[in-house]
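Undergrad: Once you've had a glance at the structure underneath, I'll fire off some questions.
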Amino acid sequence: MLRALSRCHTPVVRLLSPRTAVLVETVRGRKSRTDPIAKSKLGRIKTPPPVDPVEMVVLKERYTEYNLILRALRLEFKEQMLRKKYEEEVGSVAEERTKREAEEHRSLMALNDAENLRMRKIRAQRMQKEAEAAELKKREAAILRQQELESYIKEKERQILLLQEEAKDFITPDNLDQRIEEALDNPKNYNFAIDKEGRVVKRTAFQQ
Amino acid sequence: MFMHYVFVSASFLLKTYHGGHVVIRLALGGATNRPFYRIVAAYNKRARDSKYIEQLGSYDPLPNIHNEKLVAFNYERIKYWIACGAHTTKPVAKLLGLAGFFPLHPMTITEAERRQKAASIEEVKTDSQEQVEEAL
Numbered sequence: 001m002l003r004a005l006s007r008c009h010t011p012v013v014r015l016l017s018p019r020t021a022v023l024v025e026t027v028r029g030r031k032s033r034t035d036p037i038a039k040s041k042l043g044r045i046k047t048p049p050p051v052d053p054v055e056m057v058v059l060k061e062r063y064t065e066y067n068l069i070l071r072a073l074r075l076e077f078k079e080q081m082l083r084k085k086y087e088e089e090v091g092s093v094a095e096e097r098t099k100r101e102a103e104e105h106r107s108l109m110a111l112n113d114a115e116n117l118r119m120r121k122i123r124a125q126r127m128q129k130e131a132e133a134a135e136l137k138k139r140e141a142a143i144l145r146q147q148e149l150e151s152y153i154k155e156k157e158r159q160i161l162l163l164q165e166e167a168k169d170f171i172t173p174d175n176l177d178q179r180i181e182e183a184l185d186n187p188k189n190y191n192f193a194i195d196k197e198g199r200v201v202k203r204t205a206f207q208q
Numbered sequence: 001m002f003m004h005y006v007f008v009s010a011s012f013l014l015k016t017y018h019g020g021h022v023v024i025r026l027a028l029g030g031a032t033n034r035p036f037y038r039i040v041a042a043y044n045k046r047a048r049d050s051k052y053i054e055q056l057g058s059y060d061p062l063p064n065i066h067n068e069k070l071v072a073f074n075y076e077r078i079k080y081w082i083a084c085g086a087h088t089t090k091p092v093a094k095l096l097g098l099a100g101f102f103p104l105h106p107m108t109i110t111e112a113e114r115r116q117k118a119a120s121i122e123e124v125k126t127d128s129q130e131q132v133e134e135a136l
């Protein structure tokens with residue numbers, strides 16, 4: 001009969017009447033189209049609120065004036081906005097912006113060039129120092145090599161002299177007989193005895 | 001008036017309206033027995049309190065300790081939206097009229113006149129009553 005309660009985001013009101021403890025939500029229009037009119041409203045004739053014609057005329061005039069002013073305002077705002085957009089994109093504002101950006105660009109380029117120059121100078125100095133250091137090292141290496149060569153030569157010469165000295169005692173075909181006789185005449189005894197304390201005994205029992 | 005087009009970024013998630021327009025209206029917030037309105041630019045088809053395009057001010061209908069009702073407006077942005085073709089609702093138009101940004105709304109003037117007339121009639125009635133009492 002009465003419309004089912006629909007979920008709405010309106011606050012809930014409990015009708016705390018003794019007869020009907022009904023949970024009612026403050027929804028507009030409790031009744032649906034097919035519900036009968038209430039008994040208290042049977043003879044009701046709805047009349048709109050009375051209108052004062054003088055006031056109405058005055059009000060209509062006021063409304064026309066108001067609408068006129070509003071329309072004018074709207075158009076003016078639109079024009080202002082279009083002008084601002086135009087200025088922003090094409091006109092003075094854009095020009096100033098481009099000028100400012102060009103200035104910035106120039107200054108930044110100048111800064112960059114200065115920085116590059118400075119770095120180049122520093123690099124040149126560094127390269128020079130490194131070149132000098134390399135040169136020094138090369139020279140020292142050459143000196144070292146020279147010295148090594150000389151020492152090697154000297155060593156070799158010493159060894160040659162030593163060998164020459166020793167060559168005097170070599171056994172040659174000429175000395176062979178003489179040396180054999182010398183060796184046979186002087187028998188050498190290489191045997192020796194040694195104990196744990198390190199005492200060496202050269203005189204042994206073995207003979208011949 | 002040209003239409004304000006939706007900024008298509010997350011276009012699958014944003015709702016586009018056919019034939020809708022932008023309105024500047026009051027969105028209700030606050031708590032029980034304590035309303036608070038935000039003056040908001042939103043699409044016509046949106047629910048009253050749901051997602052809006054931009055907030056342009058606020059209106060507190062309950063008077064504060066100094067008996068003032070506080071209203072805030074962002075005139076720059078309101079100008080922008082009106083230039084883009086936004087409509088205003090009656091209460092917003094009335095508030096703007098009182099603020100001086102719009103001309104005074106006719107109904108404001110009419111209501112004020114009606115109240116003044118009612119007040120003068122009351123005065124006349126009380127005067128006549130006093131006279132009657134004095135005569136008696």
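Those protein sequences? They're chains S and P, same order as listed. Taken in order, the first sequence gives residues 1 to 208; the numbers are from full-length UniProt numbering. Taken in order, the second sequence gives residues 1 to 136; the numbers are from full-length UniProt numbering. Built from N, CA and C at the ideal position, the CB exists for glycine as well.
Residues of chain P with CB closer than 7 Å to the CB of L59 (chain S), please, in chain order.
TA: Indexing the first sequence from 1 puts residue 59 (chain S) at position 59. Chain P residues near L59 (chain S): P106 and T110.
Undergrad: Given a threshold of 16 other Cβ atoms within 10 Å of its Cβ, counted over all protein chains shown, does V92 (chain P) qualify as buried or as exposed?
TA: Taking the second sequence and counting its residues from 1, one reaches residue 92 (chain P) at position 92. V92 (chain P) should be labelled buried.
Undergrad: Taking 8 Å as the threshold, find out whether the region 106-121 of chain P comes into contact with the region 56-68 of chain P through three or more Cβ pairs.
TA: No contact exists between the region 106-121 of chain P and the region 56-68 of chain P.
Undergrad: Using the DSSP secondary-structure output, state which residues sit across from H21 (chain P) in a beta bridge.
TA: As a working note, residue 21 (chain P) is residue 21 in the second sequence. In the DSSP output, where bridge partners are listed per residue, H21 (chain P) has none listed.
Undergrad: Could you check which residue in P:R38, P:I24 and P:V23 has the C-alpha nearest to that of G30 (chain P)?
TA: Translated into positions along the second sequence, residue 30 (chain P) becomes position 30. Nearest C-alpha to G30 (chain P): P:R38.
Undergrad: Given a threshold of 16 other Cβ atoms within 10 Å of its Cβ, counted over all protein chains shown, does A86 (chain P) qualify as buried or as exposed?
TA: Reading the second sequence from its first residue, position 86 is the one you call residue 86 (chain P). Buried, because 16 or more other Cβ atoms sit within 10 Å of the Cβ of A86 (chain P).
Undergrad: State the Cα-Cα distance for the pair K154 (chain S) and A167 (chain S), rounded to the nearest angstrom.
TA: By 1-based counting over the first sequence, the position of residue 154 (chain S) is 154. By 1-based counting over the first sequence, the position of residue 167 (chain S) is 167. Approximately 19 Å, taken between the alpha carbons.
Undergrad: Just by C-beta distance, which residues in the region 70-83 of chain P are closer than 8 Å to chain S?
TA: Under the 8 Å Cβ criterion, the region 70-83 of chain P contributes K79, Y80, I82 and A83.
Undergrad: Suppose only complete runs of 4+ residues qualify. What are the alpha helix (DSSP H) ranges in the region 61-132 of chain P, listed by chain order?
TA: Runs found: 75-83 and 90-99.
Undergrad: Quick one: list the residues of chain A neighbouring F36 (chain P), beta-carbon separation under 7 Å, in chain order.
TA: Absent here is chain A; the protein component of the structure consists of chains S and P.
Undergrad: What distance in whole Å lies between the Cβ atoms of H18 (chain P) and N44 (chain P), which are believed to be in contact at a cut-off of 8 Å?
TA: The count along the second sequence starts at 1 and reaches residue 44 (chain P) at position 44. The count along the second sequence starts at 1 and reaches residue 18 (chain P) at position 18. The Cβ separation is near 11 Å, so there is no contact.
Undergrad: For P91 (chain P), go through chain S and note every residue whose CB falls closer than 8 Å to its CB, in chain order.
TA: By one-based count along the second sequence, residue 91 (chain P) stands at place 91. Neighbours of P91 (chain P) on chain S: none; closest Cβ ~15 Å, over 8 Å.
Undergrad: Which of the three DSSP states, helix, strand or coil, is assigned to Y47 (chain P)?
TA: Here the question's residue 47 (chain P) lines up with position 47 in the second sequence. Going by the sequence as given, residue 47 (chain P) is Ala instead of Tyr. Three-state result, A47 (chain P): coil.
Undergrad: With DSSP run on the structure shown, which of helix, strand or coil describes R203 (chain S)?
TA: By one-based count along the first sequence, residue 203 (chain S) stands at place 203. It is coil, neither helix nor strand.
Undergrad: Which value, in whole angstroms, describes the spacing of the CA atoms of F192 (chain S) and R199 (chain S)?
TA: For the purposes of this step, residue 192 (chain S) is taken as the residue at position 192 of the first sequence. For the purposes of this step, residue 199 (chain S) is taken as the residue at position 199 of the first sequence. So the two alpha carbons sit approximately 10 Å from each other.
Undergrad: Count the CB pairs spanning the region 105-112 of chain P and the region 62-73 of chain P that are closer than 8 Å, and state whether there are at least three.
TA: With a cut-off of 8 Å, the region 62-73 of chain P and the region 105-112 of chain P do not count as touching, because too few Cβ pairs lie within range.
Undergrad: Under 7 Å Cβ to Cβ from D113 (chain S), same chain only, skipping five residues before and after it: list those, please.
TA: Locating residue 113 (chain S) in the first sequence gives position 113, where the first residue counts as 1. Same-chain partners within the cutoff: there are none.
Undergrad: Using C-beta distances below 7 Å, list every residue in its chain close to V201 (chain S), excluding the 5 sequence neighbours before and after it, in chain order.
TA: For this step, residue 201 (chain S) is matched to residue 201 along the first sequence. For V201 (chain S), where only same-chain residues beyond five positions count, the Cβ hits under 7 Å are F192 and A193.
Undergrad: Look up P35 (chain P) in the DSSP assignment and say whether it is helix, strand or coil.
TA: Numbered from 1 along the second sequence, position 35 holds the residue referred to as residue 35 (chain P). The answer is strand: DSSP assigns P35 (chain P) an E or B state.
Undergrad: Measuring CB to CB, does I24 (chain P) end up less than 8 Å from A41 (chain P)?
TA: Taking the first residue of the second sequence as position 1, residue 24 (chain P) is located at position 24. Taking the first residue of the second sequence as position 1, residue 41 (chain P) is located at position 41. A contact, by the Cβ cut-off of 8 Å.
Undergrad: Quick check: what's the CA-CA separation for M127 (chain S) versus K138 (chain S)?
TA: For the purposes of this step, residue 127 (chain S) is taken as residue 127 along the first sequence, with counting starting at 1. For the purposes of this step, residue 138 (chain S) is taken as residue 138 along the first sequence, with counting starting at 1. Cα to Cα, M127 (chain S) sits roughly 16 Å from K138 (chain S).
Undergrad: Exposed or buried, which one is V24 (chain S) when buried takes at least 16 other CB atoms within 10 Å?
TA: Numbered from its first residue, the first sequence carries residue 24 (chain S) at position 24. Only weak support exists for where V24 (chain S) lies, its pLDDT of 49 falling under 50; the value from the coordinates is given anyway. Its Cβ having fewer than 16 others within 10 Å, V24 (chain S) is exposed.
Undergrad: Starting from P103 (chain P), find everything on chain S with Cβ-Cβ shorter than 7 Å and list it in chain order.
TA: Start at 1 with the first residue of the second sequence, and residue 103 (chain P) comes out as number 103. The contacting residues are Y66 and I69.
Undergrad: Does the beta carbon of E55 (chain S) come closer than 8 Å to any beta carbon on chain P?
TA: For the purposes of this step, residue 55 (chain S) is taken as residue 55 along the first sequence, with counting starting at 1. Yes - at least one Cβ of chain P is within 8 Å of the one on E55 (chain S).
Undergrad: Cβ closer than 7 Å: which chain P residues qualify as neighbours of R62 (chain S)?
TA: Here residue 62 (chain S) is taken as the residue at index 62 of the first sequence, counted from 1. Correct list: P106 and I109.
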